[in-house]
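Undergrad: Dropping a structure here in structure tokens format, bear with me for questions.
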Amino acid sequence: SQTIHQWPATLVQPVGSPLSLECTVEGTSNPNLYWYRQAAGRGLQLLFYSVGIGQISSEVPQNLSASRPQDRQFILSSKKLLLSDSGFYLCAWSFGLVVDEQFFGPGTRLTVL
Amino acid sequence: GNSVTQMEGPVTLSEEAFLTINCTYTATGYPSLFWYVQYPGEGLQLLLKATKADDKGSNKGFEATYRKETTSFHLEKGSVQVSDSAVYFCAHIRSSGGSNYKLTFGKGTLLTVNP
Numbered sequence: 001s002q003t004i005h006q007w008p009a010t011l012v013q014p015v016g017s018p019l020s021l022e023c024t025v026e027g028t029s030n031p032n033l034y035w036y037r038q039a040a041g042r043g044l045q046l047l048f049y050s051v052g053i054g055q056i057s058s059e060v061p062q063n064l065s066a067s068r069p070q071d072r073q074f075i076l077s078s079k080k081l082l083l084s085d086s087g088f089y090l091c092a093w094s095f096g097l098v099v100d101e102q103f104f105g106p107g108t109r110l111t112v113l
Numbered sequence: 001g002n003s004v005t006q007m008e009g010p011v012t013l014s015e016e017a018f019l020t021i022n023c024t025y026t027a028t029g030y031p032s033l034f035w036y037v038q039y040p041g042e043g044l045q046l047l048l049k050a051t052k053a054d055d056k057g058s059n060k061g062f063e064a065t066y067r068k069e070t071t072s073f074h075l076e077k078g079s080v081q082v083s084d085s086a087v088y089f090c091a092h093i094r095s096s097g098g099s100n101y102k103l104t105f106g107k108g109t110l111l112t113v114n115p
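Protein sequence lines correspond, in order, to chains A and B. At position 2 of the first sequence the residue is numbered 2 (my numbering), and the sequence of numbers has no breaks. At position 98 of the second sequence the residue is numbered 98 (my numbering), and the sequence of numbers has no breaks.
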């Protein structure tokens, strides 16, 4: 069976510091991978998606970047965090792009002070 | 454009009460529709889905019917339990070809069930 892991579970960082959140998937090959942000009262916003190693598409302009160095590894980064980067970050994977169910990780709670 | 609108919460019910959470969508083509549930402190889990008009998705006592004529996918449960307390998200994704792969979510509805 497939599993998805995210770490850390919670993170408190000062404004201007760098960020690295990691997501890994086990039990499947060549998954599609997604990063979402869930801000209070604003639902989920898709930030990035990837269909393969080194292939990243950005949905919204922002202070964040994503990378996929390995097939089942997806990393969300920032060089300098902003207060507005606070939120709950969710990684997800799916078998295909169009109609497939997405499977979500447990999330990372990021607080920027 | 594509969007999902669901009733704003929070919704507070007593155990065994009837639940309805409304969801309507706008989309080009014929999207697949989903309800996801997020329990406190956890990620999202798929609750149920429907891929074409008049389909009924069901799981754990929850049901939702894909109504193309009203562009709706309302979530219902006949008798809620305390363990149903969670945030519920309605979502859609296009089922036709092209590059629009995006899973579009509503803002979520917080449900609290009291014993």
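Note that the Cβ used here is the ideal one computed from N, Cα and C, for glycine as well.
1. Could you have a look at B:Asn100 and say whether DSSP puts it in helix, strand or coil?
2. Compare the C-alpha of B:Val11 against each of B:Val80, B:Thr104, B:Lys102 and name the closest.
3. Is A:Val15 helix, strand or coil when you go by DSSP?
4. Can you find a CB in chain B that lies within less than 9 Å of the CB of A:Gly105?
5. Check the C-beta distance from B:Leu13 over to B:Val113 and give it rounded, since I have them as a contact under 8 Å.
6. What residue does the beta strand (DSSP E) around B:Glu63 start on, and which one ends it?
7. Going along the chain, which residues of its own chain have a beta-carbon closer than 8 Å to the beta-carbon of A:Ala9, five neighbours each way excluded?
8. Of all the beta strand (DSSP E) runs that stay within the bounds of the stretch 25 to 100 of chain B, which reach a length of 3 or more residues?
9. Which residue from A:Lys80, A:Gln73, A:Tyr34, A:Leu81 puts its Cα closest to that of A:Ser58?
10. I'd like to know if the stretch 21 to 29 of chain A and the stretch 1 to 10 of chain B are in contact, where contact means that at least 3 CB-CB pairs between them fall below 8 Å.
11. Considering only C-alpha positions, which residue in the set B:Ala50, B:Val87, B:Thr104 is nearest to B:Val37?
12. Please check the pair B:Thr24 and B:Ser72, which I expect to be a contact at CB under 8 Å, by giving their CB distance rounded to whole angstroms.
13. With A:Ser94 as the anchor, note down where its beta strand (DSSP E) starts and where it stops.
14. In whole angstroms, what separates the C-alpha of A:Asn52 from that of A:Asn30?
15. A:Gln62 CB to nearest chain B CB: under 9 Å?
16. What residue range is occupied by the uninterrupted beta strand (DSSP E) comprising A:Gln2?
17. Can you list, in chain order, the residues of its chain with a C-beta nearer than 7 Å to that of B:Pro115? Leave out the 5 residues immediately preceding and following it.
TA: Judging by the given coordinates:
1. Note that B:Asn100 scores a pLDDT of 42, beneath 50, so its modelled location is shaky; the value from the coordinates is reported in the next line. It is coil, neither helix nor strand.
2. B:Val80
3. coil
4. yes
5. 5 Å
6. 62 to 65
7. Pro106, Gly107, Thr108, Arg109
8. 31 to 38, 44 to 50, 56 to 59, 62 to 65, 75 to 77, 86 to 94
9. A:Tyr34
10. no
11. B:Val87
12. 5 Å
13. 87 to 94
14. A quick correction: the sequence has Gly, not Asn, at residue 52 of chain A. Each residue's Cα considered, the two are about 6 Å apart.
15. no
16. Where A:Gln2 is concerned, there is no enclosing beta strand (DSSP E), given that its DSSP letter is neither H nor E.
17. Glu15, Val82
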